[in-house]
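Colleague: Questions regarding the structure given below will be posed in turn.
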Amino acid sequence: MILGANGLFAAIAPPALELKPAVATPAPGMFLVARRGFLDPNFSQTVVYLMQHDPEASFGLIVNRPAGSPLSSTLPYVADTPFASSPVYRGGPMDPDMLVMLVRNSPGSSLMRQVTGRIQASVSLQVLNELLVDQKPPNDVRFYLGYAGWSPGRLEQEIEHHYWHLVKGDPAAVFGPEASTLWETLIDQLEPLD
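Whatever position you read off the sequence shown (first residue = 1), add 1 for the numbering used here.
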């Protein structure tokens, strides 16, 4: 998920978020939903949007952990732009100083990695500048510090050990205003409490 030209890579109410049945094989665009009781502090109560899964590695972004500050705190030069107040999320424990962008409904470029049909990712500030010039709506871009990554075979082991639920991802939930409560919404459907 280290992206680049030559790199790797309204509230969401439970009835509105349609869960698809779990599938056996992880794939880009899917959600990894931490199971209740998963105590790893890096991943407890998280939802990871999977961006790459292949024999080389698996990468994703934790999409429900706000960092608590707007983008202008991370990149002061955006202070007078529409992205100034965009929330920044903690994307994962790896490279926590690296800014990763998810962009939807964009034509893409060589500096962006295609995740799914409508979603691209990039770490390039040139892409951010192009989004500003193109007046991309802030609701179509999400910002993350760091990412989550697994070595070959590791994610499959974690799924087999029941650390994660694997479900079809919902880009509307990732880009929605209630991303920070996404785990609660999903886990209540996946593991209802009696």
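Where is the CB? At the ideal position from N, CA and C, for every residue including glycine.
(1) May I ask you to list the residues that DSSP assigns as paired with W151?
(2) Which residue comes first and which comes last in the beta strand (DSSP E) that contains P77?
(3) What's the gap between the Cα of E192 and the Cα of D81?
(4) May I ask whether a heavy atom of the ligand ADP can be found less than 8 Å away from the beta carbon of L167?
(5) Contact between the segment 106–114 and the segment 57–71: three or more CB pairs below 8 Å?
(6) Can you tell me the Cβ-Cβ gap for A122 and M31, rounded? I've got them flagged as a contact below 8 Å.
(7) Evaluate E161 with the Cβ neighbour count: other Cβ atoms within 10 Å of its Cβ, from every protein chain shown; 16 or more gives buried, anything less gives exposed.
(8) Where DSSP assigns a beta bridge to Q158, which residues make up the other side?
(9) Tell me the residue span of the alpha helix (DSSP H) that contains P172.
(10) Please confirm whether V49 and L103 have their CB atoms less than 9 Å apart.
(11) If you draw a straight line from the C-alpha of W165 to the C-alpha of P56, how long is it?
(12) Going by DSSP in three states, P94 sits in which element: helix, strand or coil?
(13) Look at the alpha carbon of T186 and the alpha carbon of D41, and state the distance between them as a whole number of angstroms.
Modeller: Reading it off the structure:
(1) S59
(2) Where P77 is concerned, there is no enclosing beta strand (DSSP E), given that its DSSP letter is neither H nor E.
(3) 44 Å
(4) Absent from the structure shown: the ligand ADP. Ligands present: none.
(5) no
(6) Their Cβ separation, rounded to whole angstroms, is 15 Å, which puts A122 and M31 out of contact at 8 Å.
(7) exposed
(8) The partner list for Q158 (beta bridge, DSSP) is empty, contrary to what the question assumes.
(9) 172–176
(10) no
(11) 19 Å
(12) coil
(13) 20 Å
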